[in-house]
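Heads up, the thing below is written out as structure tokens.
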Amino acid sequence: MVGHVTAPAAALADRLPDWVTLVRAPNPGPMTLDGTNTWVLRAPGAARSVVIDPGPLDEGHLRAVAGTGPVGAVLATHGHPDHVEGFDRFVELTGAGDDTGGLEITTLETPGHTADSVCFLAAVGGERVIFTGDTILGRGTTIVAWPNGDLGAYLASLDVLAGYGAVPALPGHGPRWPTAARPPGSTWLTAAPALTR
Ligand SMILES: [Zn+2]
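All letters in the sequence shown, in the order written, are residues 1 to 197 by the UniProt record's numbering.
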């Protein structure tokens, strides 16, 4: 029964860890789906958060993210403007530096969408999630972007992510995935419609 296979994963995908907050930027479009996902990570009891992808230079959005509380550090999954155009302004607003607030964050080099694309594996206690930027989108297929995208590198990066099994993937656009591991015999280039059906 398909339901027995998909139900637990769907339940996991519906729930964010209580130390992760999503603030979605108001920049929906063909390339940004519902808008850029700005992720705020705050370990239980931590004074400061870590923000991943502050998003476009939209003062209202940046202030909304800053309004979630003191920020210790800001990270970016890659250099596309819809993810980092507001980076400097956000640092100015928050005074963020290099305090990761007790979070364990590992940077995974995952070139392909762009040469500078990375994913962040974050852990609190035993709970792990991967922030995938545009390497894995919440819906559909990413692009191998001009001028330095690389399809071969992209496929190799998917193999890297596949090594993280059932760790939920929180993308730069669209809804979260229950796992960063692509289904057997498939890739994210073809898997998305099957998984969201
Ligand atoms: Zn991008």
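Glycine included, C-beta positions come from ideal geometry on N, C-alpha and C. Model, not experiment: these values are computed from the prediction.
Inter-residue spacing [alpha-carbon to alpha-carbon] between residue i and residue j
i: Gly174; j: Asp88; result: 24 angstroms
i: Met31; j: Gly163; result: 27 angstroms
i: Ile143; j: Pro17; result: 28 angstroms
i: Thr110; j: Gly55; result: 20 angstroms
i: Gly101; j: Gly165; result: 26 angstroms
i: Thr38; j: Gly45; result: 21 angstroms
i: Leu22; j: Thr68; result: 10 angstroms
i: Ser49; j: Ala43; result: 7 angstroms
i: Gly138; j: Ala47; result: 30 angstroms
i: Thr106; j: Gly29; result: 30 angstroms
i: Ile136; j: Leu170; result: 8 angstroms
i: Ala115; j: Gly86; result: 21 angstroms
i: Glu127; j: Asp53; result: 21 angstroms
i: Thr190; j: Ala25; result: Residue placement at Thr190 is flagged as unreliable, the pLDDT there being 48, under the threshold of 50; the coordinate-derived value follows with that caveat. Cα-Cα distance, rounded: 27 angstroms.
Close Cβ partners of residue i (< 6 angstroms) along its chain, the five nearest in sequence each way excluded
i: Val84; result: Ala76
i: Ala180; result: Ile130, Leu161, Tyr164, Val167, Ala169
i: Ala123; result: Glu104
i: Ala153; result: Pro111, Gly112
7 angstroms Cβ shell around residue i - same chain, five flanking residues per side excluded
i: Val5; result: Confidence at Val5 is low in this model, with a pLDDT of 38, below 50, so its placement is unreliable and the value that follows should be read with caution. There are no such residues.
8 angstroms contact criterion, which residue i and residue j should meet: CB distance rounded
i: Thr36; j: Asp82; result: 5 angstroms
i: Phe90; j: Leu108; result: Going by Cβ atoms, the distance from Phe90 to Leu108 rounds to 23 angstroms, so no, they are not a contact pair.
i: Gly172; j: Asp134; result: 5 angstroms
Nearest to residue i (by Cα), restricted to the options the options
i: Gly72; options: Val51, His80, Arg63, Gly86; result: Val51
i: Gly95; options: Leu121, Gly172, Val74; result: Val74
i: Leu57; options: Leu161, Asn148, His80; result: His80
Nonlocal neighbours in the same chain, by C-beta distance under 8 angstroms from residue i, ignoring five residues either side
i: Leu151; result: Gly112, Val144
- So which residues touch the region around ligand 1, with touch meaning a C-beta under 5 angstroms from any heavy atom? His80, Asp134
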